């Protein structure tokens, strides 16, 4: 085979520098998850198909990667069947497993399966790849990581407060200042639906309202009328067209608007609790705002809805999102388990940090020094020193071959290794090391103790 | 759906404690990989089928998990074909992708694809899951992690020396003292084949020889004769039946035995270099031995062969292995790229550490303190302190609900959280915190600064 090999579309190889940058983000997310009391779990990459199918809608079912049964999977399919069957029917006969599509359904499955071992409320985090047969495009891949933190088994709104703090804490530590954490509440949206007189128009309504900045009040109203929302309804929710001010002012407007809706007022109350406490405790660097157009996963969330926008000036969709779902585990037969959680979009966060040039230089640091290989005896002397340096925790290596010095220096240079250590006959006889700073060109000859100090 | 959900056979859920233990091992392996100058890469979970198929033999092809094409995959299969086709032929029509089976073939593919960006010699490590449709049994799973370190692009035997040191360094840091790193060389085995007069009998020969401890010299010889190895050949390699002594003595015996084989003598020379230098530099805690029956991946390795055995007294197969393969990337059209690498068997290492009770207690540590939730005002006071403690890097949490104190204490207990912090009206009015050591039962009331010191 001499055809140059490739990889499946929508997938990626990660070079050492890319892995280092991604690990920098992962480690900060992980550190904060743990600081907030979340504990890690991991679930298998593939689940039984029945666990996943039907949980993400028809579109989702289509995008789930299915795994072919091993062995002669046609064994149980008769010739007659084969002639009449369509591909969806055949799939259920020749495939029993499917790749994880998100982390939430496997988490719900985990909770139900291990309910007797789990101490509730259970704060879990999970950082694992998921797979979707989506059409690949910029920033959208067929294999990508999700980083989720969820609490299951408590209705306390303190958790919503904490999740906002958690977002703030992660983005502050990533030095990604000025992100905006947006909050809304499903019950507010239900209240609006009540007020506009039709819950089936709610999506049309929020989609139209979301365009306010772009097409103006008249444009939005025109679109709403076209979608069949009545003039009277639009008049009723007029305050939403001028929905500015502080969070308190916004909540006040909502309270007036939704006064007649019990569920809407419950949403107002929940928002009030969360926003008051966030305001009282304070955030480190994130902006916090109430956005009534926020409706992600509308059919899924039952209380708070979260989304995080990149700092102003960076063209990027949301870099995080989440919310409350009152019945997380009901799909697997365990009722009355409320869950609330947030997710971090690793790939987009990485793109934003790259664009703003916020990766610390130390992230990609490689070995501290390259020992040149100047011959057998020299290499032996070097390797003994290297063994001791590594025991001190210092990253060092020797060029494996006795190549020309120029080539060896070039290797250190290309690898961005900051020091070269040169040991020839003279160094060995005096039991010293010549160390060259490859940035400044400065060179000095030192004993082993000094070498340790210099490289530490 | 009320049927209790399950997971596919051969796969596992990992609880927080299990993840923590595994991460402890991963992080030590990673730290040492980097200390030795290896850099991380990651490759996609699935590859194009043509990249994987045919690389692991017929058995391997069968054990590779294939992914069904998305959409109507039957579209391109005619009815006539469907009736006459067998499942293997159908697979190639309805599946284009397959799950990673090991990390070596994807690495070879990576090197060929990115050869112009890579600075050789390239020391890469890779820690990712692989999937095999093997029959699950104790310690063998369908999804498991491999941890590989390989160098590609240099023939230097210093790398073999370093890989032995790397094994020693990892197992020493894991406090797994007394592992035995075994070495052999493919060229020694070829030399033996020459001497016994039949290279096709080599596997029979080594398998039989490996039973020396169990069935004794006579038993081994009997088995060899049965396998068609001649009496004369067996006499020739008689020294192998009494293959004891120091490594130097063993190498001396091999040198005599293989004197007539050019390739065998090359193997002796390589072994000599590696063993001499290991002996001169020294290892920290591992035993190092030459084992001529070691033949793993016989058709694959071309030079050194490594395997690591668990400390004596622990019944477990090898916990690591590797070797030199002169033509790593030839399968993808890039010739003359020698590679040498080792692998760590995470699952087995975890089992051994568990059996020997060597996981540090700190591995599974959770939050440092649980703040009890005694009401709204108390919770507010607590949450403000918690926010500051977390900014100090301290892991703390509050019980989310205002439940009975007994229940909250029980939660701390079940989660093995060492401290409870109690704030009631009195604490708030005095701006202090009552902190209870849940192990000793000791309780004291302190100001915030002291609280920080206590929990740090």
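Chains as they are written, first to last, in the numbering used here: chain H, 23 to 478; chain G, 23 to 478. Positions of the beta carbon are idealized from the N, C-alpha and C atoms, including for glycine. Values in this document were obtained by computation on a predicted structure and should not be read as measured data.
Nearest-angstrom Cα separation, counted from residue j out to residue i
| i | j | result |
| --- | --- | --- |
| residue 195 of chain H | residue 163 of chain G | 38 Å |
| residue 91 of chain H | residue 384 of chain G | 42 Å |
| residue 446 of chain G | residue 428 of chain G | 15 Å |
| residue 347 of chain G | residue 361 of chain G | 5 Å |
| residue 278 of chain G | residue 318 of chain G | 25 Å |
| residue 150 of chain H | residue 65 of chain H | 9 Å |
| residue 40 of chain G | residue 47 of chain G | 11 Å |
| residue 291 of chain H | residue 147 of chain H | 28 Å |
| residue 274 of chain H | residue 208 of chain H | 17 Å |
| residue 37 of chain H | residue 183 of chain H | 38 Å |
| residue 130 of chain H | residue 356 of chain H | 9 Å |
| residue 180 of chain H | residue 167 of chain H | 27 Å |
| residue 263 of chain H | residue 269 of chain H | 15 Å |
| residue 115 of chain G | residue 220 of chain H | 49 Å |
| residue 381 of chain H | residue 83 of chain G | 42 Å |
| residue 34 of chain H | residue 42 of chain H | 15 Å |
| residue 289 of chain H | residue 253 of chain H | 25 Å |
| residue 140 of chain G | residue 466 of chain G | 60 Å |
| residue 222 of chain G | residue 210 of chain G | 15 Å |
| residue 408 of chain H | residue 417 of chain H | 9 Å |
| residue 457 of chain G | residue 443 of chain G | 4 Å |
Burial state of residue i (16 or more Cβ within 10 Å)
| i | result |
| --- | --- |
| residue 432 of chain H | exposed |
| residue 237 of chain H | exposed |
| residue 5 of chain H | Since the first residue shown for chain H is 23 and the last is 478, residue 5 of chain H is missing from the structure and cannot be characterised. |
| residue 345 of chain G | buried |
| residue 67 of chain G | buried |
| residue 23 of chain H | For residue 23 of chain H, the predicted model reports a pLDDT of 45, less than 50, meaning its position is unreliable and no value from the coordinates is stated. |
| residue 157 of chain H | exposed |
| residue 244 of chain G | exposed |
| residue 461 of chain G | exposed |
| residue 475 of chain G | exposed |
| residue 389 of chain H | buried |
| residue 138 of chain H | exposed |
| residue 435 of chain H | exposed |
| residue 413 of chain H | exposed |
| residue 170 of chain G | buried |
| residue 257 of chain H | exposed |
| residue 172 of chain H | buried |
| residue 98 of chain G | exposed |
C-beta atoms of residue i and residue j nearer than 9 Å
| i | j | result |
| --- | --- | --- |
| residue 202 of chain H | residue 328 of chain H | no |
| residue 132 of chain H | residue 89 of chain H | no |
| residue 51 of chain G | residue 198 of chain G | no |
| residue 391 of chain H | residue 323 of chain H | no |
| residue 479 of chain G | residue 410 of chain H | Beyond the ends of chain G as shown, which are 23 and 478, falls residue 479 of chain G; an answer cannot be given. |
| residue 175 of chain H | residue 142 of chain H | yes |
| residue 29 of chain H | residue 70 of chain G | yes |
| residue 44 of chain G | residue 438 of chain G | no |
| residue 226 of chain H | residue 250 of chain H | yes |
| residue 398 of chain G | residue 379 of chain G | no |
| residue 55 of chain G | residue 188 of chain G | yes |
| residue 27 of chain H | residue 118 of chain G | no |
| residue 308 of chain H | residue 330 of chain H | yes |
| residue 312 of chain G | residue 272 of chain G | yes |
| residue 154 of chain H | residue 104 of chain H | no |
| residue 239 of chain G | residue 32 of chain G | no |
Beta-bridge pairing of residue i - partner residues as DSSP gives them
| i | result |
| --- | --- |
| residue 343 of chain G | G:329 and G:365 |
| residue 89 of chain G | H:89 and G:119 |
| residue 418 of chain H | H:391 |
| residue 467 of chain G | G:456 |
Contact the segment 185-200 of chain H vs the segment 359-377 of chain H: 3+ CB pairs below 8 Å = Because the criterion of three Cβ pairs below 8 Å is met, the segment 185-200 of chain H and the segment 359-377 of chain H touch.
Count the CB pairs spanning the segment 109-126 of chain H and the segment 66-84 of chain H that are closer than 8 Å, and state whether there are at least three.
-> They touch, by the three-pair rule.
Evaluate contact between the segment 281-288 of chain H and the segment 206-216 of chain H, counting only Cβ atoms and requiring at least three cross-stretch pairs below 8 Å.
-> In the pairwise beta carbon analysis, the segment 281-288 of chain H is classified as touching the segment 206-216 of chain H: at least three pairs are separated by under 8 Å.
Is the segment 104-111 of chain G in contact with the segment 52-59 of chain G, if contact means three or more CB pairs nearer than 8 Å?
-> Contact between the segment 104-111 of chain G and the segment 52-59 of chain G is absent, because fewer than three Cβ pairs lie under 8 Å.
Quick check: the segment 349-357 of chain H against the segment 295-305 of chain H, are there 3 or more CB pairs under 8 Å?
-> Taking 8 Å as the limit for Cβ pairs, the verdict is that the segment 295-305 of chain H does not touch the segment 349-357 of chain H.
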